[in-house]
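Below, the structure written as C-alpha cells:
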C-alpha cells in the first residue's frame with residue numbers, strides 16, 4: 021500500500037471509536053432536549069450525529085480502492101456538503117408556528133450543530149467535535165437560564181385597535197405606548213372604506229406586536245388610548261373592549 025493510499029484507509033478500531041463517540045456526543049445534546057420535552061430529543065440527536073459521522077466516514081474512506089486510479093480524484097467534502105443542506109429538512113420539522121409565536125428554533129439549530137459535530141467526528145477532527153459539543157451544552161443549559169433571568173420581564177404581546185380613519189391615529193397611539201415604556205416590535209394597518217348601506221365611516225385596524233416589561237404599564241397605556249376620540253375598540257389578550265361615550269365596556 022502506497023503512502024497516498026494509506027491516507028484513505030482507516031482501521032476497524034478507529035472506525036468503531038468514531039461511531040461510538042458520535043453516539044455519545046449526539047446523545048449528550050439529545051438528553052438536554054429530551055429533558056425539556058422538545059420534539060427532537062435523545063434518539064433524534066443520536067441518529068443525526070451518527071448518520072453524519074457515517075456519511076463522513078464513507079466520503080473519506082469508502083472509496084479508498086479507487087485512490088490509485090489515474091483518472092479518479094477523491095473529494096471527501098462532497099457528501100458532507102449534502103449533509104449540511106439535507107439536515108435542514110429535519111430541522112424544519114422541529115419548528116412550530118402558532119400565530120405570531122414560533123417555537124422549536126433552538127431545537128432546529130441544535131440538530132444542525134449536531135450534524136456538524138458528526139461530520140467532525142467522522143473526519144477525525146475530534147478536538148473540534150469535543151469543544152463544539154461542550155459549547156453547545158453550555159449554550160443550551162447555562163445560557164438558557166441566563167437568558168430567562170435577563171429577559172424575564174420582556175414579553176411579546178399582541179394588541180389590536182380599531183379606529184376611525186384618522187391620519188394622526190397611529191402617531192398618537194405610538195406616543196401613548198412609548199411614553200409608558202412599551203416598544204413597538206411590529207405594526208400592521210388594515211383600512212376599511214366607508215359603507216353607504218350601513219352608514220359606517222371608514223375605519224382602520226391596527227395590529228401591534230409589543231415588547232411589554234410590565235402588565236401595569238400596558239394597562240396604563242390602554243387607558244390612555246381609550247381616551248382618544250377616534251378609537252372604536254381595542255383587543256388585548258383575547259378580550260375586546262368597546263369604546264362608548266359613557267366609557268369602556270367589555271364585549272367578550
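Numbering (the working numbering), first residue to last: 21 to 272.
Ideal Cβ positions, reconstructed from N, Cα and C, are used throughout, including at glycine.
Just list the alpha helix (DSSP H) runs in the segment 92-159, keeping only unbroken ones of 4 residues or longer that don't cross its boundaries, in chain order.
97-113, 125-142
Counting only runs that start and end within the segment 171-208, where is the beta strand (DSSP E) found for 3 or more residues in a row?
175-184
Quick check on the DSSP output: the beta strand (DSSP E) that includes residue 62 runs from which residue to which?
It is not in any beta strand (DSSP E) - residue 62 instead sits in the alpha helix (DSSP H) that spans 62-81.
I want to know whether the segment 92-108 touches the segment 33-46 - three or more CB-CB distances under 8 Å.
no
Spell out the partners DSSP gives residue 226 in its beta bridges.
181, 209
Could you compute how far the alpha carbon of residue 228 sits from the alpha carbon of residue 137?
41 Å
Per DSSP, residue 251 is paired with what?
183
Can you tell me which of the three DSSP states residue 246 falls into?
helix
May I have the straight-line CA-CA distance separating residue 180 from residue 150, to the nearest angstrom?
Near 49 Å, if we compare the C-alpha coordinates of residue 150 and residue 180.
Would the segment 224-240 count as touching the segment 157-166 if we require 3 or more Cβ pairs under 8 Å?
no
Kindly give me the distance between the Cβ atoms of residue 194 and residue 204, rounded to whole angstroms, as I take these residues to be in contact under 8 Å.
About 6 Å; that satisfies the 8 Å criterion.
Suppose the cutoff is 6 Å on Cβ atoms and the five residues either side in sequence are ignored; what does the same chain contact list for residue 51 look like?
62
Report all residues from its chain with a CB closer than 7 Å to the CB of residue 53; omit the five preceding and five following residues, and keep chain order.
60, 61, 65, 127, 130
Identify whether residue 56 lies in helix, strand or coil by the three-state DSSP scheme.
coil
Among residues of its own chain, excluding the 5 on either side of residue 161, which ones have a beta-carbon nearer than 7 Å to its beta-carbon?
52
Tell me the DSSP bridge mates of residue 231?
Bridge partners of residue 231 according to DSSP: 176, 203.
When the Cα of residue 154 is compared with those of 125, 184, 48, which residue comes out closest?
48
Please report the Cβ distance between residue 135 and residue 124, rounded to the nearest whole angstrom; I am assuming they are in contact, meaning their Cβ atoms lie under 8 Å.
16 Å between Cβ atoms; not a contact.
Can you tell me whether residue 27 is helix, strand or coil according to DSSP?
coil
Identify which residue in 75, 158, 197 has its Cα closest to the Cα of residue 248.
197
In terms of alpha-carbon separation, which member of 90, 178, 75 lies closest to residue 141?
75
Looking at the structure shown, is residue 89 part of a helix, part of a strand, or coil, going by DSSP?
Look at residue 89 here: in three-state DSSP terms it is coil, with no helix or strand label.
Thinking just about the alpha-carbon of each residue, which of 57, 81, 200, 46 is nearest to the one in residue 32?
81
Once you ignore the five residues that flank residue 177 on each side, which residues in its own chain have a CB closer than 6 Å to its CB?
So the qualifying residues of the chain are 230, 232.
Taking all protein chains shown into account, do 16 or more other C-beta atoms lie within 10 angstroms of the C-beta of residue 200, making it buried, or fewer, making it exposed?
buried
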